[in-house]
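The sequence shown lines up with residues -27 to -1, 1 to 515 when you count with mature numbering (1 follows the signal peptide of the UniProt record, and there is no 0).
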Amino acid sequence: MKSTRKRLSALVSGTALTLAAALTLSACGGSSGDSAEGGVVIVTAAQPPSFSYESTPTGYEAAEFWLNTGATLIRNPYVEGTDGLAAHQELFKFEPVLAKSYDVSPDGKVITFELNTDAKSASGNSLDADDVVFSFKRKFEVDTSIVAFVSAPVITSPDQVKKIDDDTVTITIDDPAHGFTLLSLLSNQPYTIYDSDVLKAHATPDDPYGVEHSKTNADYGFGAYKLVSYTPGQQMVYEANPGYALGEPEVKKIVQRVVADAGQRSNLVKSGDAAIATQLRPADQVALSDAGAAQIFDVPSNAYVYVPLTTTKAPFDNVDVRRAFAHAVPYEAIMKDVYKGRLGPISSILNDTLPDFNGSGLNPNTFDPQKSLEILKNAGVSTPVKFELTINNAVPDLKETAVQIQTAARAAGFEITLNEVNSAVFQEGLAAKTFQASMGRDYAVVQSPPYVLSLFYTPGSPINWPDFDYAPLNNAIAAGNKAGEPLTPAAWAEWNKAERVLQDQMPTVYIGYVQPLNAFRNGLGGYVFRTDSVIDYSVLKP
């Protein structure tokens, strides 16, 4: 990796956070989707279950909260889209945020970050090297954190992070081939930096990193916004952080309201009573767009709809049942009837825009009930194969997709019972691997191939939803990690082997790549597609 140096100026001023238990706020101002105080109203399906990443790192609402209240040392820059695509991230470049600059050593093993110590947290404290070191220690040493898992083998210990002086830290890696993955990790939510002064003030001998405090208090981030009001189950109000490293956002206030019904969220944008609606039904999105009532966006999506099959539970402990079920899903009907063209075929969970991508032998699954019946018969499996498919009742498109699968799979030898649960129960059961099968929308925020494959398929991982442990897959991923730079043809040969194993063993049935399921009122600009699928409020243009 060649030595690089990048600089970014920051606009600075200080502020302090006042977190109220509840606040009654005027709902809307006229028909602009703006609050009476000049903010933007967003309607969403739920709220984060916790404000602590180390406690509950999954879920759309949580991811959007951490993005907007937190900040990383660097990020993937935002670039304008072409050919009808919305603005999006440049995945292979990096620019400073909380860092003023970074240098990569000639041998590629040491990255030195000069910090923007003018940046201020939600509590008004200035950034320094102690915050960075503390944040890494918390991420690796809190028992419920997944950061140690998602970072291996690039970062395996917080001791790789060293304070040089108040303004400077270094991160050292063993293998320079991990450089791209390291920079990609540091650009995303697992590596937001925390205000150590706040968290230390709330630490205890049993909780040295202030995790309990951070579960219910959002006063420790260096993000573009600070949470000033939280009414559980109803509303969250954010105000712009004047001390944000990239400058105070143009939108000064965000009012985020919980509206459980997706149809009502859509209508609120149509009527002008909300500026943004998230987690919409594709049919409602298309109707809004066709009526000229709102904006929807096409993007280079990395988010997919999928069905993890728990391979340690019957009936999916039988590979033939998994292979058969892959032919029981009506892919094209789902794309047409549920997603109205906002879902496309998937043949690879790795980003096919990456340099030297190798998709040899990879093809999308196809709906073929007779093939499914044939596989089950040849395997000596009695039909119908009965199982329960669990879905999150806050995500309407997944419920509609599940109904389509339930109906079509009968002809393929499957009898499916649908189990609808709320977001909290769904996330808990998913992590505990208590479901026979579930349906979700997911993505990898880091698009480096070793990260994507290891994230979802490392044995014992809390995010290995199908609980899949298979030596040929593990060996292919390990071989890819040993092949040097992850985007070279030699490494891609191994990543391709891994994906072909996944298509053969079918621990997860991938249905398609999905477009963002949000809508913006006409005239509101600044949408940028991110690999975490959430909205960056700091770049909105009212």
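For each residue, glycine too, the CB sits at the ideal point set by N, CA and C.
Residues that residue i bridges to, as DSSP identifies them
| i | result |
| --- | --- |
| Met308 | The partner list for Met308 (beta bridge, DSSP) is empty, contrary to what the question assumes. |
| Leu513 | None, per the DSSP bridge assignment. |
| Gln420 | Beta-bridge pairing links Gln420 to no other residue. |
| Gly317 | Tyr486 |
| His61 | Val52, Phe502 |
| Val83 | Thr145 |
| Thr17 | Val231 |
| Phe387 | Val358 |
Residue i, DSSP secondary structure in three states
| i | result |
| --- | --- |
| Glu361 | strand |
| Thr380 | helix |
| Pro188 | It should be pointed out that residue 188 corresponds to Lys in this sequence rather than to Pro. The answer is helix: DSSP assigns Lys188 an H, G or I state. |
| Leu(-5) | Low per-residue confidence applies at Leu(-5): pLDDT is 28, beneath 50, and the placement is therefore not dependable enough to give any value. |
| residue 521 | The structure shown does not extend to residue 521, since the chain is modelled only from -27 to 515, so the question has no answer here. |
| Asn392 | strand |
| Ser4 | In this prediction, Ser4 scores a pLDDT of 44, lower than 50, which makes its location untrustworthy; the coordinate-derived value is nonetheless stated afterwards. Three-state result, Ser4: coil. |
| Thr504 | coil |
| Leu346 | helix |
| Asp76 | strand |
| Leu327 | coil |
| Gly220 | coil |
| Phe340 | coil |
| Ala405 | helix |
| Asp139 | coil |
| Val474 | helix |
| Phe195 | coil |
Candidates the options: closest to residue i by CA position
| i | options | result |
| --- | --- | --- |
| Leu200 | Asp477, Pro21, Leu446 | Pro21 |
| Pro79 | Asn49, Pro149, Leu100, Thr55 | Pro149 |
| Gly317 | Pro255, Val171, Leu327 | Pro255 |
| Gln420 | Glu53, Val123, Met412, Gly206 | Val123 |
| Asp293 | Asp246, Ser345, Thr431 | Ser345 |
| Gly216 | Ser169, Pro445, Gly97 | Gly97 |
| Ser244 | Gly6, Val501, Tyr500, Val507 | Gly6 |
| Asp310 | Asn275, Thr339, Val358, Asp257 | Asp257 |
| Lys110 | Arg315, Val134, Tyr26 | Val134 |
Span separating the alpha-carbon of residue i from that of residue j
| i | j | result |
| --- | --- | --- |
| Gln488 | Thr374 | 15 Å |
| Lys226 | Asn447 | 47 Å |
| Ile450 | Phe429 | 12 Å |
| Ala125 | Phe113 | 11 Å |
| Ile128 | Ala218 | 25 Å |
| Phe24 | Leu158 | 20 Å |
| Ser4 | Pro131 | Residue placement at Ser4 is flagged as unreliable, the pLDDT there being 44, under the threshold of 50; the coordinate-derived value follows with that caveat. Looking at the two C-alpha atoms, the distance is approximately 50 Å. |
| Glu305 | Leu46 | 42 Å |
| Thr154 | Pro423 | 8 Å |
| Ile137 | Ala102 | 8 Å |
| Ala456 | Trp465 | 9 Å |
| Gly413 | Asn365 | 8 Å |
| Asp91 | Tyr33 | 31 Å |
| Pro462 | Phe502 | 28 Å |
| Gln379 | Asp370 | 14 Å |
C-beta contact flag for residue i and residue j at 9 Å
| i | j | result |
| --- | --- | --- |
| Asn392 | Thr363 | yes |
| Ile119 | Pro435 | yes |
| Val231 | His61 | no |
| Asn49 | Ala72 | no |
| Tyr182 | Leu172 | yes |
| Leu349 | Asn469 | no |
| Val418 | Thr504 | yes |
| Gln229 | Ile484 | no |
| Ser239 | Ala250 | yes |
| Pro288 | Phe360 | yes |
| Ile307 | Tyr277 | no |
| Leu513 | Leu497 | yes |
| Gly152 | Ala44 | no |
| Ile322 | Leu475 | yes |
| Tyr198 | Asn351 | no |
| Pro439 | Thr204 | no |
| Thr17 | Glu37 | yes |
| Asp192 | Ala95 | yes |
Chain D within 9 Å of residue i, Cβ atoms only
| i | result |
| --- | --- |
| Ala260 | In the structure shown, chain D cannot be found, because there is only a single protein chain. |
Heavy atom of the ligand FMN within 8 Å of residue i beta-carbon
| i | result |
| --- | --- |
| Arg494 | As far as ligands go, the structure on display features none, and thus does not contain the ligand FMN. |
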